[in-house]
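Each remark here refers to the structure printed beneath this line.
In our numbering, the protein residues as written are -12 to 226.
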């Protein structure tokens, strides 16, 4: 049982969500103090007293923390609340969820999507079904209809990218890509600029629209050379 270093928590903030305040403080403490798996925080009663919250409020925070794979409750003598041993995939998922707290910008996330695009579109070209192509054609039609309305065009564009990624049979690639698209869409919905801050980027240009048509046609053809050509044309300025 890892215990060694004593950790105590401050009372939860009374402004905003108390549950969010508890979750944020526990996660930050684990990261900043580099607490090892198996570190014991104490009992639920101990944490209620430290945070100054009711058991029901702590219970909600613990549900969030358990869902994120951050802590676990162990019953019996010597039991209590412990830091969980998290798998690399859980740590990766948690890091993605913390992008907003770390100040990640839409442009930074797009740079990572650019690096993943060839694998995603290559998989789509290999594994697409007739139904997949039907969905892509319908989404491409929606993109074209709203293309010259920048905000609507961008959202339709991300729906198209999401559907392409859903074709991949690789669960790691698919999940990582889709989570990054979710992040971008949430940032745009939260008030970030509807267009990316890239010199020469024109959200409603015909060239960009043609680039997306080329991606759908490359997926239809199944030709990997055509996929690579479409991906190279699409990088950053084409997104």
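Beta carbons are placed, not taken as given, at the ideal position from N, Cα and C, and that holds for glycine.
No experiment lies behind these values; they were computed from the predicted model shown.
{"Asked": "CB of residue 120 within 8 Å of CB of residue 150, strictly", "Found": "no"}
{"Asked": "Nearest to residue 97 (by Cα), restricted to the options 70, 35 and 174", "Found": "174"}
{"Asked": "Three-state secondary structure (DSSP) of residue 45", "Found": "helix"}
{"Asked": "Residues near residue 181 in its chain [Cβ-Cβ closer than 8 Å; skip 5 each side]", "Found": "In this prediction, residue 181 scores a pLDDT of 44, lower than 50, which makes its location untrustworthy; no coordinate-derived value is stated."}
{"Asked": "Other residues of its chain near residue 62: CB distance less than 6 Å, five sequence neighbours each side excluded", "Found": "none"}
{"Asked": "Reduced DSSP secondary structure (H/G/I, E/B, other) of residue 182", "Found": "Below a pLDDT of 50, predicted positions are generally treated as unreliable, and residue 182, at 48, falls in that range; no measurement from the model is reported."}
{"Asked": "Per DSSP, the bridge partner or partners of residue 59", "Found": "69"}
{"Asked": "Residue 155, buried or exposed, once every other Cβ within 10 Å from all chains shown has been counted against 16", "Found": "buried"}
{"Asked": "Euclidean distance between Cα positions of residue 23 and residue 94", "Found": "34 Å"}
{"Asked": "Three-state class that DSSP yields for residue 28 in the structure shown", "Found": "strand"}
{"Asked": "Inter-residue Cα distance where the pair is residue 13 and residue 103", "Found": "32 Å"}
{"Asked": "Distance CB(residue 108)-CB(residue 217) smaller than 8 Å", "Found": "yes"}
{"Asked": "Candidates 35, 71 and 11, of which the one nearest residue 89 by Cα", "Found": "11"}
{"Asked": "Assigned exposure category for residue 8 - 16 Cβ within 10 Å defines buried", "Found": "buried"}
{"Asked": "Presumed contact (8 Å Cβ cut-off) between residue 161 and residue 153, rounded CB distance", "Found": "7 Å"}
{"Asked": "Coil, strand or helix - residue 145 by DSSP", "Found": "helix"}
{"Asked": "Distance between residue 148 and residue 115 (C-alpha atoms, nearest Å)", "Found": "14 Å"}
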